[in-house]
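K.L.:
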Amino acid sequence: MNEKRFDPARIAKLDNPERRKNLPPEQLLDLLGLTGSEDILDVGAGGGYFTFPAAERTSGIVYALDAQSAMLEYLKSRMEEQKTGHIEIIQGEAEQIPMEDGKVDAVICSMVLHEVDPPEQGLREIQRVLKKGGKALCIEWERMQTESGPPQNHRISSGEMTSILEEMGFKVLSRQPWTEAFYSVVFEK
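Pasting the structure below:
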């Protein structure tokens, strides 16, 4: 297992009141400017922190991608409880998304790219599966000392992320801090 990957045994940390206060999924999804019929890919969907709110905003399909079967089993049980349609579960890596080119209108990638080495590989895959003009929302750890989270050398600063995206040909639409530790970037293919 990739030592950078999140441990599924800690799934409760992915959805708790403190995280919802610091990273409100509804407000973050607002940044994508969804119109209600998009097909959306949630990379590193985990327990569905963004998957379920995204499904409430679109009549399209929300693809929940995660590398870890334990995360996907948890997500599947939540889907059954909530009787949520139009979510498709996909097991796969951010570095090699098992999806055809130009498949989705929007991508959500929350706290995933710091686990991808190099992050550009994950971004190339996002670029590949996005339709032309499609948008992506990336949430990541700012490179700074915090009591929790990944080590400094795994983090990507917001400035570094913006530079990488622009070098890859994406158009950066917004970049903003949510707390000292987290930022979001919205970009377009």
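Per UniProt numbering, residue 1 is the first one in the sequence shown, and the count goes up by one each step. Ideal placement from N, C-alpha and C gives every residue a C-beta, glycine not left out. Owing to the predicted nature of the structure, the values given are computational and were not obtained by experimental measurement.
1) Tell me, which residues are paired with residue 214 by DSSP?
2) What does DSSP give as the partner residues of K171 in its beta bridges?
3) Count the CB pairs spanning the stretch 72-87 and the stretch 49-61 that are closer than 8 angstroms, and state whether there are at least three.
4) Please name the residue, chosen from F187, S158, F182 and A106, that lies closest to N22 on a Cα-to-Cα basis.
5) Using beta-carbon positions only, say whether T58 and G36 come within less than 8 angstroms of one another.
6) Relative to the alpha-carbon of H177, which residue among E140, E188, T146 and G169 has its alpha-carbon at the smallest distance?
7) Looking only at its chain, what residues have a beta carbon closer than 7 angstroms to the beta carbon of E125, apart from the 5 residues adjacent to it on each side?
8) Are K171 and Q127 close, meaning C-beta to C-beta below 8 angstroms?
9) Which of the three DSSP states is assigned to S110 in this structure?
10) Count the CB pairs spanning the stretch 104-111 and the stretch 67-75 that are closer than 8 angstroms, and state whether there are at least three.
11) Please state whether DSSP places P177 in a helix, a strand or coil.
P.N.:
In short:
1) An answer regarding residue 214 cannot be provided, because it is not within the stretch 1 to 189 covered by the chain.
2) DSSP, once it has assigned bridges, lists E188 as partnering K171.
3) yes
4) F182
5) yes
6) It should be noted that the sequence gives Pro, not His, for residue 177. Of E140, E188, T146 and G169, the residue nearest in Cα terms is E140.
7) A94, E95, Q96 and I97
8) It is not a contact, given that the beta carbons lie outside the stated cut-off.
9) It is a strand residue.
10) no
11) strand
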